[in-house]
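Below is one structure, written out as structure tokens; comments come after it.
Numbering (this note's numbering), first residue to last: 1 to 213.
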């Protein structure tokens, strides 16, 4: 994960640059291969230690997210019937207060098509099903893309691995999503698709990814 912190003047406009590169994703409770991560900081901020590889691989025994760190974007919870799924938190730009100063953290991660389906957070349904995504903070805007897992598997086989798939090699589909007054997101999911939610908040923007079987 490449995370950079930049101090801003209080009251300055929020930078909402969004990068979908090919580094690693943080968190969630399923195991997943991701590229090696690197952490860099500006001179005004003390260098943080690089993450151990094991810390960057989601596990069923991991706690979900690190909500106590104000530098982290909101965590997502997907409710599908009686099941709760915790989507991967991917690329983000997030602004927070630290010692009276406004800081912005930008985190790069792989594109949603560059993950193996095995180990990805999964919602299990037999037919088109309405689900609800909620976040630690209310969402203000959302775009949702879905990708057929069969297409992703074929692209990964041709490229040699999921990490080597180019986003332009896979055609996604924009689907409708409803943003509730409470900041939750409602959408209909179907088996065999991977869903990427690009969500805006008051203090930043983040992409969340999960699959449906």
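Beta carbons are placed, not taken as given, at the ideal position from N, Cα and C, and that holds for glycine.
Residue 79 sits close to residue 131, with the two beta carbons spaced by under 8 Å. If you draw a straight line from the Cα of residue 83 to the Cα of residue 165, it is about 30 Å long. Judged by pairs of C-beta atoms under 8 Å, the stretch 86 to 103 does not touch the stretch 148 to 162, as fewer than three such pairs exist. DSSP places residue 108 outside any alpha helix (DSSP H); the residue lies instead in the beta strand (DSSP E), whose first and last residues are 101 to 108. Spatial neighbours of residue 134 in its own chain (CB-CB distance under 6 Å, excluding positions within 5 residues in sequence) are listed in chain order as 77, 184. Going by beta carbons, residue 137 and residue 202 fall inside the 8 Å limit. At a Cβ-Cβ threshold of 8 Å, residue 141 and residue 91 do not count as neighbours. Taking all protein chains shown into account, residue 150 has fewer than 16 neighbouring C-beta atoms within 10 Å of its C-beta and is therefore exposed.
Here the alpha carbons of residue 212 and residue 190 stand approximately 6 Å from one another. For residue 198, the uninterrupted beta strand (DSSP E) segment begins and ends at 193 to 201.
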